[in-house]
Amino acid sequence: MSAAQFLHRLGLDLQTLSVKPSTLPSSYFKFPPSNEPTTLPPPPNHSTLAHPFTLPADLYNALLSPIVPATIALVYVSIVSVLNSVNANRKYKPWAISRTSIFKLLVMLHNTLLAVYSAWTFVGMYNGLRLSLPSWRTTTSLSETVDVLCKLHGPRGHGSAITYNANTSAWTFTDRLLHLGPDGLTPDSSDVGRLWNEGLAFYGWIFYLSKFYEVIDTFIILAKGKKSSLLQTYHHAGAMLCMWAGIRYMSPPIWMFVFVNSFIHTIMYTFYLFNVIGIKVPKRIKQSLTTLQITQFVVGVFYAFSHLFVAYQIPVSVPYIHRLGDAISSAAATVPAEASSSVSSAIGIASAGAAAWVKKLALRAAGREGLAENVPNEHGRPFGFDPVNIAQDLVSREETRFRDELQWVHCLDTSGQVFAILLNVVYLMPLTWLFAQFFITAYLKRAERRRSSTTSDKVLVARQSLRDASRGVARRLSEVVEEMHRTSVEMGDDEVLIEVDEVREELKYAAGQAKAQILKGTESIKQSAASIDTDKVKQEVQRGLDTAKQSLDSVVERAQQTASPGGTPNGNGTGAEEATGQSSPEKQSNKKKNKKNKKGGSNGEQESQAKDEPSSQVQEGKSFADAAKE
């Protein structure tokens with residue numbers, strides 16, 4: 001069934017609709033996209049709370065260079081990879097700095113700053129949408145709303161947008177009353193009523209820069225000794241690139257990302273702030289936050305992707321040539337019969353001077369224009385203005401006039417806008433892949449159960465599989481979102497028992513580990529590039545075998561000592577701990593638990609435990625020694 005037949009069944013007709021599905025020309029899908037047009041900076045404003053400063057045009061476009069987000073994202077991913085390796089070597093032990101009062105204060109300020117900033121951005125974008133969208137109190141068509149959301153530049157009004165024509169490489173408009181800016185090349189910065197000048201250019205650019213600052217969330221996680229997951233790193237790096245593309249190419253759906261994401265971040269960082277200061281947030285609010293984030297992902301990808309297939313009607317001022325001669329002829333055709341008879345009598349009277357007209361025309365034919373101008377009429381007076389010339393002048397006189405017609409236009413105008421949408425869709429592609437995986441799995445399972453080939457059964461299986469896939473994706477995304485945003489949930493429970501010297505030592509250790517990782521990679525590259533000496537390789541292999549043999553012998557000796565009755569019993573701590581009188585927090589907590597168990601247990605249980613421990617230690621020691629020898 002085609003789209004036209006489907007709409008006809010619904011009682012609709014494509015000819016009466018002002019919005020319809022459409023496709024873009026293939027020239028819009030190219031990589032890299034065209035650099036034109038240049039991003040338009042926000043209009044200058046007086047200093048207010050909504051616009052506290054004016055963004056310089058040079059700085060505005062300089063930070064929108066593709067080198068900026070690509071470099072920052074690459075450096076961010078590299079640093080996170082190194083620190084993940086360092087944390088793995090440290091057995092994911094929290095860093096000392098994460099348990100200091102300064103760290104807790106910095107996390108509190110970080111969450112406060114992002115919560116306040118996100119709320120400010122949300123209010124600013126809400127005000128811009130309020131000024132751009134048609135009022136809900138007035139009757140508006142669907143195409144008017146679509147026109148506001150698709151065309152970001154120009155003044156308010158249906159069909160009054162200023163768009164960039166990729167074929168002519170120039171800004172154009174369809175309303176004859178509009179004009180470009182003072183330079184005659186770009187839209188006027190004083191135009192109001194559309195999203196770009198009403199706030200998207202200003203708030204969207206700052207929101208793009210805030211994505212660079214939000215990576216501090218990852219470093220807070222790493223400082224607490226945890227691992228930054230692949231999704232966490234992918235989320236922050238991808239958000240930088242997607243926001244850059246949306247603002248750089250002025251893509252229409254980018255407003256939703258700024259508006260909705262700032263609202264969710266306001267709630268999210270407020271929630272984190274409450275956890276830092278020790279205010280317990282109900283679990284229901286946390287679940288609602290996760291649901292909002294999942295809804296943002298799903299709705300955002302479908303809303304952005306729909307822009308590739310939307311066309312709508314706008315009134316266009318179409319020029320046409322108006323001829324006065326045609327108007328006179330049409331007016332003469334409508335003259336009543338009485339007026340026609342009067343004109344005929346006037347022509348009969350005028351025929352008395354026909355001889356004078358013949359003489360005048362003969363002189364003109366002979367090339368005597370001067371004599372022809374002086375031929376008198378039947379009254380003996382000059383003819384004055386030549387009626388023939390007057391008639392010819394009336395016929396040749398024409399002027400350009402305009403009339404409004406409805407024309408179909410596409411939502412997108414440039415290849416850059418298409419590229420930004422596709423990049424955002426690809427960024428959310430893991431969500432699509434996850435949904436497809438759940439759907440296929442659920443569908444195949446149900447199809448195997450039913451073993452039926454009827455159409456109704458297939459539809460029922462597909463419907464139930466779709467429901468199961470949605471639930472599976474929601475469950476998986478809930479886990480992912482909680483993992484990505486667990487920045488400071490446990491921060492309020494940490495005790496500040498760390499000294500400055502320990503923090504300094506751990507920072508030195510981290511720097512050394514990072515340096516070792518870099519040197520290791522450099523040496524491996526040098527060794528692969530240099531020529532290989534077989535003698536040296538044999539010597540290195542022999543040396544490694546000797547070292548491994550010595551290590552194995554030492555391990556066997558330790559295992560035998562542990563298995564012997566006179567060996568050091570397990571669980572009493574190492575020599576270093578006995579010398580310093582300190583142990584790790586985990587061991588201290590284990591000791592406390594053992595003491596409680598000893599107090600609560602009976603003497604018989606304690607004696608049986610004491611008898612069982614040596615035998616288990618001997619068995620463990622023997623098995624370990626045998627395994628080491630093998």
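For the sequence shown, UniProt numbering gives the first residue as 1, with consecutive numbering after it.
From the three backbone atoms N, C-alpha and C, an ideal C-beta is built for every residue, glycine too.
Exposed unless 16 or more other CB atoms sit within 10 angstroms - verdict on residue i
| i | result |
| --- | --- |
| E198 | buried |
| R137 | exposed |
| Q417 | buried |
| T293 | The sequence given here places Gln at residue 293; Thr does not occur at that position. The residue is buried, with at least 16 neighbouring Cβ atoms inside 10 Å. |
| T270 | buried |
| Y28 | buried |
| M429 | exposed |
| D183 | exposed |
| Y92 | exposed |
| Y312 | buried |
| S488 | For S488, the pLDDT reaches just 44, beneath the cut-off of 50, and the residue's location in the model is therefore unreliable, leaving the point undetermined. |
| D58 | exposed |
| S251 | buried |
| P21 | exposed |
| P69 | buried |
| F202 | buried |
| V276 | buried |
Residue i (DSSP reduced to helix, strand or coil)
| i | result |
| --- | --- |
| D404 | strand |
| V68 | helix |
| P315 | strand |
| Y249 | coil |
| H236 | helix |
| V310 | strand |
| V281 | coil |
| H46 | coil |
| P430 | helix |
| V298 | helix |
| V215 | coil |
| H265 | helix |
| V409 | strand |
| W290 | Checking the displayed sequence, the identity of residue 290 turns out to be Thr instead of Trp. Three-state result, T290: helix. |
| A366 | coil |
| Y203 | helix |
| Y92 | coil |
| W136 | coil |
| K359 | helix |
| L177 | coil |
| S81 | helix |
| L74 | helix |
Range covered by the beta strand (DSSP E) that runs through residue i
| i | result |
| --- | --- |
| S19 | It should be noted that the sequence gives Val, not Ser, for residue 19. Taken as a continuous stretch (DSSP letters only), the beta strand (DSSP E) holding V19 covers V19 to P21. |
Test item: CB-CB of residue i and residue j under 8 Å
| i | j | result |
| --- | --- | --- |
| T218 | V80 | yes |
| V215 | H236 | yes |
| A420 | Y249 | yes |
| S18 | Y117 | no |
| L289 | A115 | no |
| P66 | L55 | no |
| G204 | I264 | no |
| L422 | L24 | no |
| T145 | L133 | yes |
| I314 | S190 | no |
| L152 | R194 | yes |
| T168 | L40 | no |
| S160 | L149 | no |
| T174 | N165 | no |
| L222 | L83 | yes |
| V258 | L200 | yes |
| V318 | E399 | no |
Opposing strand residues paired with residue i [DSSP bridges]
| i | result |
| --- | --- |
| N165 | A170 |
| E399 | H322 |
| P37 | Paired residues: none, contrary to the question. |
| G187 | According to the sequence shown, residue 187 is Pro rather than Gly. None; P187 has no bridge partner. |
Extent of the continuous alpha helix (DSSP H) to which residue i belongs
| i | result |
| --- | --- |
| G225 | Run containing G225: none; DSSP gives neither H nor E here. |
| D147 | L142 to C150 |
| H153 | No alpha helix (DSSP H) contains H153, which DSSP labels as neither H nor E. |
| D58 | A57 to A62 |
| L423 | S415 to Y427 |
| R130 | S101 to S132 |
heavy atom of the ligand FMN below 7 Å from residue i C-beta
| i | result |
| --- | --- |
| Q313 | The model depicted lacks the ligand FMN and carries no ligand whatsoever. |
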